[in-house]
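Asks:
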Amino acid sequence: MDQERRAYHEQTLALLRTVLPSPRWSNPQFLEWVYDRNPTGPVVAQDLDRDASRICHIGGVPTLLRSADKERVFLLLLNSSSAPGEHGRGTYVKTLLELVERTRKSGLGGVYGVTNASSTGPVERVAQPRLARAAGIKKTGLVEPLPVKLHLPLALPAPGVTHTLVTPEYLDSADFARLADAVEATPRPKSGWALHWTADMLRWRLGWPGCRYTVHSNQDLMAVTTTTSEHHIRFGVLVMTASIRHGDRPVDLDRMLASICWHHRVPAVVYAGFNPEVRVSGFKLSQERLPAPLNLAVQSVAKDIPDADFVMSTFEFIDFDAY
1 MDQERRAYHE
11 QTLALLRTVL
21 PSPRWSNPQF
31 LEWVYDRNPT
41 GPVVAQDLDR
51 DASRICHIGG
61 VPTLLRSADK
71 ERVFLLLLNS
81 SSAPGEHGRG
91 TYVKTLLELV
101 ERTRKSGLGG
111 VYGVTNASST
121 GPVERVAQPR
131 LARAAGIKKT
141 GLVEPLPVKL
151 HLPLALPAPG
161 VTHTLVTPEY
171 LDSADFARLA
181 DAVEATPRPK
191 SGWALHWTAD
201 MLRWRLGWPG
211 CRYTVHSNQD
221 LMAVTTTTSE
231 HHIRFGVLVM
241 TASIRHGDRP
251 VDLDRMLASI
261 CWHHRVPAVV
271 YAGFNPEVRV
281 SGFKLSQERL
291 PAPLNLAVQS
301 VAKDIPDADF
311 VMSTFEFIDF
321 DAY
């Protein structure tokens with residue numbers, strides 16, 4: 001990484017460390033990996049600087065999404081932040097509108113991302129007719145709560161499940177290549193859009209610096225997990241699911257999840273999102289009871305992709321940056 005690019009990342013990290021405290025910002029390689037080594041393309045970022053300081057930043061990470069009859073690159077919006085003194089002044093909304101307009105002019109499909117309670121309001125404002133007309137974009141978008149489940153291991157553990165900690169050596173192995181090829185062969189969604197997980201894309205995503213993942217697989221399924229703690233209780237987190245059998249009906253994940261709970265020595269697994277090919281049972285958690293409710297926001301900017309058609313078919317933790 002050249003000196004100019006390193007200085008750019010440091011400016012962004014200075015803002016992120018103030019606004020979005022996270023251990024990942026202590027690793028200077030994190031932004032380089034996520035922003036610059038994405039096999040789909042480098043980040044499309046929109047920044048606002050003042051007096052040599054970054055006061056607003058939105059990172060648009062290119063991702064290849066597939067629908068029943070189309071493939072298009074969209075931007076996944078990450079690390080959206082504005083300096084504390086800019087809150088309520090429209091800085092973030094203005095920056096987001098500028099990025100959406102750049103997306104439209106670039107011929108990309110649109111933007112999408114996950115917002116928390118504090119940033120959902122500004123995202124919804126972007127869809128207002130007056131603001132949208134001023135930026136030359138369509139006025140509509142979709143913001144919807146991301147469903148969350150708590151799975152308890154009530155089934156018997158599935159036999160024959162392999163549990164592999166993700167390491168650089170594993171990502172370069174023949175075992176990972178075979179599994180990634182099976183995931184890449186997932187059929188196109190019958191409706192909506194889903195990220196096309198090529199082997200290179202999955203290797204890049206699981207290789208994020210500072211993240212600790214475990215891959216679980218058998219002849220029918222692949223799952224990716226990590227662990228977290230809440231109120232001193234350790235939980236598993238189901239980050240990704242994938243059917244590698246590709247039958248006509250969803251594959252039940254319950255017995256593999258029982259095996260996962262045993263492997264991690266955890267009492268339960270948290271899952272957010274949806275995948276029509278995999279059934280994850282569990283107790284639905286209301287948004288009011290979540291420490292940080294999450295909303296999935298999507299915005300089409302392409303003339304051949306009506307807003308009503310830009311709906312995510314599959315979307316899980318792996319599709320953004322919560323873990």
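Sequence positions in the sequence shown follow this note's numbering and run 1 to 323.
Glycine included, each C-beta is placed from N, C-alpha and C at the ideal position.
Just so it is clear, the structure is predicted and the values come from calculations on it, not from any experiment.
(1) Check whether the Cβ atoms of residue 269 and residue 311 lie closer than 8 Å to each other.
(2) Who are the near neighbours of residue 203 in its chain, counting only those whose CB is closer than 6 Å to its CB and skipping five residues on each side?
(3) Could you check whether residue 189 and residue 68 sit closer than 8 Å to each other, using their CB atoms as the reference points?
(4) Thinking C-beta only, is residue 64 closer than 8 Å to residue 95?
(5) Just mark residue 243 as buried or exposed, buried being the case when its beta carbon has 16 or more other beta carbons within 10 Å.
(6) Less than 8 Å separating the beta-carbons of residue 23 and residue 210?
(7) Which term fits residue 380, buried or exposed, when burial requires 16 or more other beta carbons within 10 angstroms of its beta carbon?
(8) For residue 281, I'd like the list of residues in its chain whose CB is within less than 6 Å of its CB, leaving aside the five on either flank, ordered along the chain.
(9) Three-state secondary structure (DSSP) at residue 3?
(10) Where residue 247 and residue 235 are concerned, what is the direct C-alpha to C-alpha distance, given to the nearest angstrom?
(11) Reducing DSSP to helix, strand and coil, say where residue 128 ends up.
(12) Quick check on residue 233: does DSSP put it in helix, strand or coil?
(13) Using the Cβ count rule (16 or more neighbours within 10 Å means buried), how would you classify residue 156?
(14) Give the straight-line distance between the Cα atoms of residue 40 and residue 259, rounded to the nearest whole angstrom.
(15) Could you check if residue 262 is buried or exposed, using at least 16 other CB atoms within 10 Å of its CB as the buried criterion?
(16) Could you check whether residue 151 and residue 257 sit closer than 8 Å to each other, using their CB atoms as the reference points?
(17) Check whether the Cβ atoms of residue 15 and residue 54 sit closer than 8 Å, and answer yes or no.
(18) Can you tell me which of 115, 165, 252 and 91 puts its alpha carbon nearest to the alpha carbon of residue 276?
(19) Count the other C-beta atoms from every protein chain shown that fall within 10 angstroms of the C-beta of residue 191, then say buried if there are 16 or more, exposed otherwise.
(20) Less than 8 Å separating the beta-carbons of residue 218 and residue 177?
(21) Pick helix, strand or coil for residue 214, following the three-state DSSP scheme.
(22) Using the Cα positions of residue 167 and residue 245, report the straight-line distance between them to the nearest angstrom.
(23) Return yes when the Cβ of residue 91 is within less than 8 Å of the Cβ of residue 56, no when it is not.
(24) So the candidates are 303, 161 and 5; which of them puts its Cα closest to the Cα of residue 37?
(25) Which whole runs of the beta strand (DSSP E) in the region 240-294 are 3 residues long or more, in chain order?
(26) Give me the residue from 305, 317, 307 and 308 with the minimum Cα distance to residue 294.
(27) Residue 264 and residue 225 look like a contact to me (Cβ under 8 Å); what is the Cβ gap, rounded to whole Å?
(28) Please report how far the alpha carbon of residue 304 lies from the alpha carbon of residue 298, in whole angstroms.
(29) Taking all protein chains shown into account, decide if residue 200 is buried (16 or more other Cβ within 10 angstroms of its Cβ) or exposed.
(30) Use the C-beta contact count for residue 80: other C-beta atoms within 10 angstroms, 16 or more gives buried, fewer gives exposed.
(31) Helix, strand or coil, according to DSSP, for residue 112 in the structure here?
(32) Name the DSSP bridge partner or partners of residue 46?
(33) Tell me whether the beta-carbon of residue 78 lies closer than 8 Å to the beta-carbon of residue 59.
Replies: Checking against the coordinates, here is how it stands:
(1) no
(2) 171
(3) yes
(4) no
(5) buried
(6) yes
(7) Limits of the chain in this structure are 1 at one end and 323 at the other, which puts residue 380 out of reach.
(8) 254
(9) helix
(10) 30 Å
(11) At residue 128 the pLDDT is 46, less than 50, meaning the model places this residue with poor confidence and gives no usable figure here.
(12) strand
(13) exposed
(14) 34 Å
(15) exposed
(16) yes
(17) yes
(18) 252
(19) exposed
(20) no
(21) strand
(22) 25 Å
(23) yes
(24) 5
(25) 269-274
(26) 317
(27) 7 Å
(28) 16 Å
(29) exposed
(30) buried
(31) strand
(32) 58
(33) yes
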